[in-house]
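Positions 487 to 808 (the working numbering) are the ones given, in order, by the sequence shown.
Only one structure is covered here, and it is reproduced in the block below.
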Amino acid sequence: MIHRDFPFKAGLGGEEAEEEEEEDTPWTWLAPPALARGSDAQPKANPGGRARQRLRRLPAPLLLAQSVRPCARVPAMARNHQVQKAKLAEQAERYEDMADFMKAVVEHGDELSNEERNLLSVAYKNVVGCQRSAWRVISSIEHKTEEGDDKAQLVNEYREKVERELNGVCNNVLALLDKYLIKKASDPESKVFYLKMKGDYFRYLAEVATGDDRKKTIENAQEAYQEAMDISKKEMQPTNPIRLGLALNFSVFHYEIANAPEQAISLAKTTFDEAMGDLHTLSEDSYKDSTLIMQLLRDNLTLWTAECAGEDGGEAGEEPKN
Numbered sequence: 487m488i489h490r491d492f493p494f495k496a497g498l499g500g501e502e503a504e505e506e507e508e509e510d511t512p513w514t515w516l517a518p519p520a521l522a523r524g525s526d527a528q529p530k531a532n533p534g535g536r537a538r539q540r541l542r543r544l545p546a547p548l549l550l551a552q553s554v555r556p557c558a559r560v561p562a563m564a565r566n567h568q569v570q571k572a573k574l575a576e577q578a579e580r581y582e583d584m585a586d587f588m589k590a591v592v593e594h595g596d597e598l599s600n601e602e603r604n605l606l607s608v609a610y611k612n613v614v615g616c617q618r619s620a621w622r623v624i625s626s627i628e629h630k631t632e633e634g635d636d637k638a639q640l641v642n643e644y645r646e647k648v649e650r651e652l653n654g655v656c657n658n659v660l661a662l663l664d665k666y667l668i669k670k671a672s673d674p675e676s677k678v679f680y681l682k683m684k685g686d687y688f689r690y691l692a693e694v695a696t697g698d699d700r701k702k703t704i705e706n707a708q709e710a711y712q713e714a715m716d717i718s719k720k721e722m723q724p725t726n727p728i729r730l731g732l733a734l735n736f737s738v739f740h741y742e743i744a745n746a747p748e749q750a751i752s753l754a755k756t757t758f759d760e761a762m763g764d765l766h767t768l769s770e771d772s773y774k775d776s777t778l779i780m781q782l783l784r785d786n787l788t789l790w791t792a793e794c795a796g797e798d799g800g801e802a803g804e805e806p807k808n
């Protein structure tokens, strides 16, 4: 199914088919209708010679323009193939491959469709999710390991390795957002989606950063989240799943990164209450996503209010990976 629109010929592989197409194609579109392939009026004697004569008589600028026409559709075709490969990789749970395919799609430079946007998000969120989980486990072991222990050095080195990989993924995503995605966003929903994503990946960097680096990443995350919030309040319904997901993750940022539990609780409660009061506007298409995020907001509120009251709660829930 992936290659059904690819110009294969019977009995040939992809590369051979492409080469044969390139050899025949110019005579089809350069020749007049009477000489076109498949035409009943095509002369039997030396059609190639007549076509070459007409080719030589074409003005140089026209000849140059015509000569590149068959390649004009190749980037779009290649882009579509990358999207199809990303879908396959998702089904196979090969998220690093999926991220690579979607990175290539972004670098084509066109604005992403909603489906492509979600594929990109799912790919990188799963990749970075594994790294965040690994970092937490190793960091916990490191804290429990005594300094004089022979294993301490090994644990420290391995934690730093995972940290470098996590930072690399986050910086790749942030580069795609700044260079391509945010600039290309033509509607408020896309702009909010990408700014939220920017805030998320600065938050992930802040989780492992220290000192001035941590302070800077916190500021960057705060700025991206706040810009997204300002747009979402003006342009989107309270029940919109993107707006809800933004508020959920921004509240987690306040609680876990910025050490501002009161702001986290206030944002989560306000968002939940506004969505509850506007449920009648919820479309059937977004009902499942919106209600799931509302449930996570409520769970976090329960957890955080308990912790603020001195009880042990647990780990806050973020927006789902897919």
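Don't be surprised by glycine CBs; every beta carbon is placed ideally from N, CA and C.
- Annotation: Asn653 to Thr696 spans about 13 Å, alpha carbon to alpha carbon.
- Of Ala564, Asp698, Phe739, Glu713, the smallest CA-CA separation from Lys677 is found for Glu713.
- In the three-state reduction of the DSSP assignment, Ala792 falls in the helix class.
- Counting of Cβ neighbours within 10 angstroms places Asp686 among the buried residues, the total reaching 16 or more.
- DSSP places Gln617 inside the alpha helix (DSSP H), whose first and last residues are 600 to 630.
- The three-state reading of DSSP puts Arg784 in helix, counting H, G and I together.
- Distance from the Cα of Lys571 is smallest, within the candidate group Asn600, Ile717, Glu597, Leu606, for Leu606.
- DSSP places Ala578 outside both helix and strand once states are collapsed to three, so it counts as coil.
- In the DSSP assignment, Ala754 falls within the alpha helix (DSSP H) that extends over 747 to 762.
- Gly731 is the residue among Glu793, His766, Gly731, Tyr741 whose C-alpha sits nearest the C-alpha of Leu782.
- In the three-state scheme derived from DSSP, where H, G and I count as helix and E and B as strand, Gln568 is classed as helix.
- The beta-carbon distance between Glu675 and Met722, rounded to whole angstroms, is 7 Å. This is short enough to meet the 8 Å contact definition.
- Ile717 has its alpha-carbon roughly 22 Å from the corresponding atom of His766.
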